[in-house]
Amino acid sequence: MRRIYLALLFGCAAFIPYAFADETCLSPYMAKIVGQEDFVYVWTLGVEGVGDGEDKLVTIDVNPDSPDYGNPVSSVSVGGRNEAHHSGLTDDRRFLWASGLDTSKIFIFDIATNPAAPQLVKTIDDFVARSGGVVGPHTNYALPGRMMLTGLSNNTDHGGRTALVEYTNAGEYIATHWMPTDDALQGAIKSGQFADGYGYDLRVVPRRNVMVTSSFTGWNNYMMNLGAMMADPEAMKRFGNTVVIWDLHARTPKKILDVPGAPLEIRCAWGSGKNYCFTSTALTSKIWLIYEDDAGEWQAKEVADIGDASKIPLPVDISIAADDNLLWVNTWNDGLVRLFDISDPHAPAEVFQQQIGEQVNMVSQSWDGERVYFTSSLLANWDKQETTGGDLQYFKLYSWDGESLKPDFHIDFIEAGLGAPHQMRFGAYALYGKKRPQQVSQLQ
Amino acid sequence: MNRISRSAVFAAGLLLMAVDALSAAQHQHEAPQVLAPGYADLEFVPPPVGSYRLPPFADAPDARVLNRYGKRVSLHELYQDKLVLLSFIYTRCSDVNGCPLATHVLAKLQRQLASNKDLDGQLRLISLSFDPSYDTPEVMGSYADAFAGEGVDWQFLTAASELELAPILEDYNQWVVRDYDARGNYLGSISHLLRVYLIDREQQVRNIYSVSFLHADTVANDVRTLIMEEGQLAGRGADPEQ
Chain A
5 MRRIYLALLF GCAAFIPYAF ADETCLSPYM AKIVGQEDFV YVWTLGVEGV
55 GDGEDKLVTI DVNPDSPDYG NPVSSVSVGG RNEAHHSGLT DDRRFLWASG
105 LDTSKIFIFD IATNPAAPQL VKTIDDFVAR SGGVVGPHTN YALPGRMMLT
155 GLSNNTDHGG RTALVEYTNA GEYIATHWMP TDDALQGAIK SGQFADGYGY
205 DLRVVPRRNV MVTSSFTGWN NYMMNLGAMM ADPEAMKRFG NTVVIWDLHA
255 RTPKKILDVP GAPLEIRCAW GSGKNYCFTS TALTSKIWLI YEDDAGEWQA
305 KEVADIGDAS KIPLPVDISI AADDNLLWVN TWNDGLVRLF DISDPHAPAE
355 VFQQQIGEQV NMVSQSWDGE RVYFTSSLLA NWDKQETTGG DLQYFKLYSW
405 DGESLKPDFH IDFIEAGLGA PHQMRFGAYA LYGKKRPQQV SQLQ
Chain B
-16 MNRISRSAVF AAGLLLMAVD ALSAAQHQHE APQVLAPGYA DLEFVPPPVG
34 SYRLPPFADA PDARVLNRYG KRVSLHELYQ DKLVLLSFIY TRCSDVNGCP
84 LATHVLAKLQ RQLASNKDLD GQLRLISLSF DPSYDTPEVM GSYADAFAGE
134 GVDWQFLTAA SELELAPILE DYNQWVVRDY DARGNYLGSI SHLLRVYLID
184 REQQVRNIYS VSFLHADTVA NDVRTLIMEE GQLAGRGADP EQ
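Protein sequences, first through last, are from chains A and B.
Position 389 of the first sequence, counted from 1, bears residue number 393 in the working numbering, the numbering being contiguous throughout.
Position 168 of the second sequence, counted from 1, bears residue number 151 in the working numbering, the numbering being contiguous throughout.
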């Protein structure tokens, strides 16, 4: 019974503003898979000498009732390497946008016509010119009828100053919204030391008319060799130290919060009246709470350590559970996943940790929290090139029973000739009123 | 007042239907039903009128449709002289946060239109059905009687056929899917992503609202922002120095 698809409905039955896990960390009004997902779409970085060496969207069958369970069933190469990184679904969930941090290209895949075999239907290759100089499209986030993309850089100095860029679902440019800086606050209140203008992730809280953005680093750094960058004191100064609170409706920045140490993924609670989000800082290894206080002011404060910061565990992806009580946190350098009890968002407590594998990066959980997916790979020039044992580039599924993570299957992405897997998005036939065909061909 | 009372009764009926339908879903979801923000007072102070832009989004294409009297009309005829708020609905929609939400917000807007001189005569409301086989002009007429107030420009439209409807939905990127049971029997419901479109007099989409965003106060402010923009454009046109 648990295997059947539960409500995947749009509009009529889609407004469930209280909870999203990582299926779940999507836009709040998007159709959701609350039962068993059929597929995970993995936006995969091309690796020279591995398969065709190109970036690709890999579709993995993850439904235990399928004969192809645990196998890649489709792979769509996009031509060359673009520094494949993040992807996102449109609000109607018919299209998946996947962007490249190096070439600034955006690839739009139709995942509705045949959920088992996405098709590349459009490539946006003039993002930099249309946006007025934004480089490195990162988060692809659905708003009604449109996609909001965060940039990481710019084409003037390839540093961290950047903007949000808005497109229609059809891939037509709408507008650019630059991040606030000291010399162009745009009406925003600078609440601390920093107004760096950097960007990374984005989430919205529509009922509070709030958009939240975080900050990472520019093209010069994310395309540099990791060892060289860390040995360069000047380069290490060029990381984001801010979270910005925006007026969502007006698209104007309202308040700049100091969150030092490169705040990355943002995950917001969805419980009614829970006006807060979490982020983790890569360089300082902390969980930060971004919250609206009793006076209606948005604030930021560090609320937990993630491991021993002196050992540079390097927190990467985080995933909030559907009931807002748990937060998975991956640390890339030590290959651990940690679970925090966040039932008191002001005092998260680590309750579990487990080794997943070298350079574990992204984590996505199913709606019910019982399936947790992991991928490796951070950036082409930051990834480890040699393993100390075990897979170096992988996709892994675990079952979570509330006490332990048990491995279900894993795919070695190098051995499979695919590349370095990064962001995951879920797919299901039932989203489109379709049923699984009798036979789905396994990728040869 | 009489009209308002009738619409309230109709809405209450829809709410009850929705609660029935949702109770089963809640059992599966183990989740409470939360009403969309559009049913309550706005939880935030919206940005001031004219303090933000609504960049043109896309063209709002033309199409031939039927009004409640069965007369063929074109969408562009209806878009010419007023700003337009276009909502895709179907009358059998039972989810309280689906089409009933859109109709509730449009009904709330019509009351604002009637009581605010700056909006009076500036906005046309359109509810267009995507279930033409059930929502005949007569059905849309009955639906209209339950909601539309006296003297308010609220058009209730449908398509002549599914064939004529399909390109409209495609043009407006309004995706819908009919719901069937395991045996292939149509359940009478249509899953869709709620979308309401604000269209300017140049027939361009200027905003799209979905469940979490649709609220009469923000829509009214957007309408006023477009009216202000039109005034500024007209002012510039009159002064060659600007």
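Yeah, the Cβ is synthetic: ideal placement off N, Cα and C, and Gly gets one too.
Please report the Cβ distance between residue i and residue j, rounded to the nearest whole angstrom; I am assuming they are in contact, meaning their Cβ atoms lie under 8 Å.
i, j, result
"B/P29", "B/D200", "6 Å"
"B/V159", "B/L152", "6 Å"
"A/T283", "A/E269", "7 Å"
"A/W101", "A/N144", "4 Å"
"A/L422", "A/V376", "Actually they do not touch by this definition, with Cβ atoms about 21 Å apart."
"B/Y35", "A/T256", "7 Å"
"A/N159", "A/T166", "Not confirmed; about 10 Å, so no contact."
"A/I294", "A/C281", "5 Å"
Determine the closest residue to residue i out of the options, with distance taken between C-alpha atoms.
i, options, result
"B/L176", "B/G167, B/N168, B/N156", "B/N156"
"B/H59", "B/L69, B/G53, B/R51", "B/L69"
"A/T185", "A/K194, A/W371, A/A146, A/R97", "A/K194"
"A/Y433", "A/T288, A/G92, A/A116", "A/A116"
"B/S144", "B/L111, B/N168, B/G124", "B/L111"
"B/A131", "B/L148, B/G167, B/Q93, B/N168", "B/Q93"
"A/H89", "A/H350, A/M366, A/L168", "A/M366"
"A/Q303", "A/S314, A/D345, A/W250", "A/W250"
"B/T86", "B/G21, B/A165, B/I182", "B/G21"
"A/E87", "A/P411, A/P68, A/S108", "A/S108"
"A/N67", "A/A308, A/G39, A/F378", "A/G39"
"B/L66", "B/A97, B/L106, B/R55", "B/L106"
"A/L318", "A/L287, A/A308, A/S347", "A/L287"
"A/R150", "B/C82, B/L216, B/N190, B/V194", "B/N190"
"A/V355", "A/R342, A/D348, A/S347, A/P349", "A/R342"
"A/Q357", "A/D348, A/I346, A/T335", "A/T335"
"B/S57", "B/Q186, B/V194, B/A217, B/H198", "B/Q186"
"B/D183", "B/A129, B/P44, B/A165", "B/P44"
"A/M428", "A/T63, A/E52, A/A35, A/I37", "A/T63"
"B/L49", "B/L61, B/F40, B/P39", "B/L61"
Might you give, ordered along the chain, the residues of its own chain that have their beta carbon closer than 8 Å to the beta carbon of residue i, omitting 5 neighbours on each side?
i, result
"A/Q442", "none"
"A/E390", "L396"
"A/T217", "T154, L168, M183, G203, Y204, D205, L206, V247, V248, W250, I270"
"B/A7", "Confidence at B/A7 is low in this model, with a pLDDT of 29, below 50, so its placement is unreliable and no value can be given for it."
"A/R242", "G163, G164, T221, G222, N224, N225"
"B/P150", "A46"
"A/D416", "D395, Q397, Y398"
Who are the Cβ neighbours of residue i in its own chain at under 7 Å, not counting the five residues just before and after it?
i, result
"A/G339", "Q359, I360, G361, E362, Q363, V364"
"A/Q197", "D262"
"A/D387", "Q363, S381, A424"
"A/L124", "V80, V82, F111, F113"
"A/P411", "K400, Y402"
"A/N385", "M227, M228, N229, L230"
"B/L37", "R189, N190, D205, T208, L209"
"A/D321", "E269, N334, N365, M366, V367"
What does a CB cutoff of less than 6 Å around residue i pick up in its chain, not counting 5 residues either side in sequence?
i, result
"B/A127", "R51, F139"
"B/R207", "V32"
"A/D26", "Caution applies to A/D26, whose pLDDT of 44 falls short of 50 and renders its modelled position unreliable; the value that the coordinates give is listed next. The answer, listed in chain order, is S323, S368, Q369."
"A/E306", "K290, W292"
"A/F19", "Model confidence at A/F19 stands at a pLDDT of 33, short of 50, so the residue's coordinates are unreliable and nothing is read from them."
"A/Y436", "A116"
"A/G50", "G57, E58, D59, R85, G423"
"A/I418", "V54, Q397"
"B/C76", "C82"
"A/S92", "This sequence places Gly at residue 92 of chain A; Ser is not what is there. Hits under 6 Å: W101, N144, Y145."
Say yes only if the C-beta of residue i is nearer than 6 Å to one or more non-hydrogen atoms of the ligand MN, and no if none qualify.
i, result
"B/G81", "Because no ligand of any kind appears in the structure shown, any question about the ligand MN cannot be addressed here."
Exercise. Just checking, does the stretch 35 to 46 of chain A make contact with the stretch 116 to 129 of chain A on the three C-beta pairs under 8 Å criterion?
Worked result: These segments touch.
Problem set entry | Touch test, the stretch 91 to 99 of chain A against the stretch 391 to 408 of chain A, Cβ-Cβ under 8 Å, three pairs minimum | No: the two stretches stay apart, fewer than three of their Cβ pairs being nearer than 8 Å.
Problem set entry | Sequence ranges, beta strand (DSSP E) only - wholly within the stretch 28 to 74 of chain A, length at least 3 | Note on the stretch 28 to 74 of chain A: whole beta strand (DSSP E) runs with a minimum of 3 residues are 43 to 49, 60 to 65, in chain order.
Problem set entry | Entirely enclosed alpha helix (DSSP H) segments - the stretch 162 to 243 of chain A, minimum 4 residues | Counting only runs of 4 or more, we get 223 to 226, 230 to 234, 237 to 241.
Exercise. Below 8 Å, can you find three or more Cβ-Cβ pairs linking the stretch 216 to 226 of chain A to the stretch 171 to 178 of chain A?
Worked result: Here the stretch 216 to 226 of chain A does not lie against the stretch 171 to 178 of chain A, with fewer than 3 beta-carbon pairs under 8 Å apart.
For this session: Take every Cβ of the stretch 111 to 128 of chain B, pair it with every Cβ of the stretch 15 to 25 of chain B, and state whether three or more of those distances are shorter than 8 Å.
Result: Verdict: no, contact absent.
For this session: Just list the beta strand (DSSP E) runs in the stretch 95 to 146 of chain A, keeping only unbroken ones of 3 residues or longer that don't cross its boundaries, in chain order.
Result: Counting only runs of 3 or more, we get 99 to 104, 110 to 114, 123 to 128.
For this session: With a floor of 3 residues, list each beta strand (DSSP E) that falls wholly inside the stretch 18 to 76 of chain B, ordered by position along the chain.
Result: With a minimum length of 3 residues, the continuous beta strand (DSSP E) runs that stay inside the stretch 18 to 76 of chain B are 47 to 49, 55 to 57, 66 to 72.
Exercise. Going along the chain, which unbroken runs of the beta strand (DSSP E) with 3 or more residues stay wholly within the stretch 325 to 373 of chain A?
Worked result: Those beta strand (DSSP E) runs which fall completely within the stretch 325 to 373 of chain A and span 3+ residues are 330 to 335, 340 to 345, 353 to 359, 364 to 369.
Problem set entry | Ranges of the beta strand (DSSP E) found wholly within the stretch 72 to 135 of chain B, counting only runs of at least 3 | You should have 106 to 112.
Problem set entry | Every unbroken alpha helix (DSSP H) within the stretch 149 to 218 of chain B, with a cutoff of 4 residues, ordered by chain | Annotation note: the stretch 149 to 218 of chain B contains no uninterrupted alpha helix (DSSP H) run of length 4 or greater.
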